[in-house]
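A short worksheet on the structure shown next.
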Amino acid sequence: MQINNDEMTLTWTPLNIGGKQAQKSPEQRQIDKIYPELAAGLHLLRLARVTGASDTATLGDQSDPFRPRYAVNLQLLDETGADATNTPEYNAVPLPVPLAGAEGGLYQFPPEGTVVEIGFAQGRPDKPLIRQTMQDGHALPDIKPGEQLQQQRAGVSQRVTVDGSWQRETDQTIRETSAARTVISDTETRTTLVKSADSTTVLGTAKLMAGAVVHLADGDYAIGTAVNIVMRCSTDRIGDVGRNDVLTVGGNLTEKIAGIRSSVAAVHELLAPSVRLGSAGVNVLTLLTDTLDVLQQLAEQTANHSHSNTVPPTNSAAIAATGTTAANLNKKYAPYIA
21 MQINNDEMTL TWTPLNIGGK QAQKSPEQRQ IDKIYPELAA GLHLLRLARV TGASDTATLG
81 DQSDPFRPRY AVNLQLLDET GADATNTPEY NAVPLPVPLA GAEGGLYQFP PEGTVVEIGF
141 AQGRPDKPLI RQTMQDGHAL PDIKPGEQLQ QQRAGVSQRV TVDGSWQRET DQTIRETSAA
201 RTVISDTETR TTLVKSADST TVLGTAKLMA GAVVHLADGD YAIGTAVNIV MRCSTDRIGD
261 VGRNDVLTVG GNLTEKIAGI RSSVAAVHEL LAPSVRLGSA GVNVLTLLTD TLDVLQQLAE
321 QTANHSHSNT VPPTNSAAIA ATGTTAANLN KKYAPYIA
């Protein structure tokens, strides 16, 4: 309202139901006609809320404008962050893919309720796309300046610390598949708890070099090979067997001992078709047969001897029979002496 002397001028602007100017100036209408994306605000950064994933993808699926697959449904937000009531829900809006390539890239469907930044290709309302995801309304992980973090949830993450160290953790399973693997490290410490079976297949040669090695088994411990087993000990070898020790050799068993071999047992049995005991040139066990030969000779000499003033012994037959017994013992035990 303007009043000038006796003149009063009234001016008014019609408003729409949203409280905004219902009519635009001729200049604005001309610009809107030439640049409709400006009138719709499609050139501005818009925020939207994820309402859910629209599809899933498997290896080899093709992404195209009609079915992007890696996409979500969106609800546009107004200036206050509330749902825009004058726009419908956008379906199957493509998600951004860092390092995108054929069957490659970094992928993760944002959870429902995530705020995203949305744009429109060529200013066309039928070509919405998500430019990035925002953290608004979500709890933050533990992160410091200078760190890098990739985290699915608390306890499942991969982190690069400020000093450059890598930390990887999960409360589930880590499964790796590769044609070859090479690990080079100055130092390494491992602690592994295997609650089931553990199997390793090495087609080549497996080498273990350590300051000390300790093997402990609650059950059986088995070692087998199709060819030879070679063992070398520079100092002492100590064995402790709680019960029996059984050794089966298909061929020969050879021991070379530079010092003394001591064997202490409650009972010691040595069973063989032929036994040798002694040095390389002398078998001590031949003393048994040699002694029997001497006994036989003594028995014969005693049975046949006589003196100048006497006759032969009256029991010469019994003495000769004793000599025969010694000969029989010689025949019995001689085959067992090598």
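Following our numbering, the numbering of the sequence shown begins with 21 at its first residue and continues without gaps. Built from N, CA and C at the ideal position, the CB exists for glycine as well. Note that the structure is a prediction, hence the values are computed from the model and not measured.
Hey, out of the options, whose CA is closest to residue i's CA?
i, options, result
"residue 44", "311, 52 and 321", "52"
"residue 123", "106, 94, 83 and 158", "83"
"residue 125", "132, 131, 133 and 115", "115"
"residue 163", "148, 157 and 179", "179"
"residue 112", "39, 92, 127 and 38", "92"
"residue 158", "181, 146, 134 and 175", "134"
"residue 66", "232, 110 and 89", "110"
"residue 223", "61, 200 and 261", "200"
"residue 120", "103, 58 and 90", "90"
"residue 74", "62, 106, 59 and 129", "129"
"residue 156", "265, 142, 131 and 140", "131"
"residue 94", "142, 148, 50 and 77", "148"
"residue 142", "208, 314 and 62", "62"
"residue 296", "338, 354, 245 and 243", "354"
"residue 31", "37, 38, 22 and 140", "22"
"residue 209", "230, 193, 235 and 192", "230"
Could you give the DSSP three-state label for residue i: helix, strand or coil?
i, result
"residue 177", "strand"
"residue 187", "strand"
"residue 66", "strand"
"residue 96", "strand"
"residue 91", "strand"
"residue 105", "coil"
"residue 309", "helix"
"residue 153", "strand"
"residue 247", "coil"
"residue 171", "strand"
"residue 272", "coil"
"residue 141", "helix"
"residue 22", "strand"
"residue 314", "helix"
"residue 232", "coil"
"residue 224", "coil"
"residue 285", "coil"
"residue 333", "coil"
"residue 348", "helix"
"residue 278", "coil"
Measure how close the beta-carbons of residue i and residue j come, nearest whole angstrom, since I'm counting them as under 8 Å.
i, j, result
"residue 136", "residue 68", "6 Å"
"residue 60", "residue 145", "6 Å"
"residue 336", "residue 324", "7 Å"
"residue 350", "residue 313", "6 Å"
"residue 167", "residue 190", "So it is not a contact: roughly 18 Å between Cβ atoms."
"residue 322", "residue 339", "5 Å"
Exercise. Determine, using beta-carbon pairs with one atom in the region 179-188 and one in the region 145-154, whether at least three such pairs fall under 8 Å.
Key: no
Quiz item: Does the count of Cβ pairs from the region 91-101 and the region 162-179 closer than 8 Å reach three?
Solution: no
Self-check item: the region 275-294 / the region 316-325 touching (three or more Cβ pairs under 8 Å)
Solution: no
Practice problem: Note down, one range per segment and in chain order, each alpha helix (DSSP H) of at least 4 residues found wholly within the region 27-80. | Solution: 46-54 and 56-60
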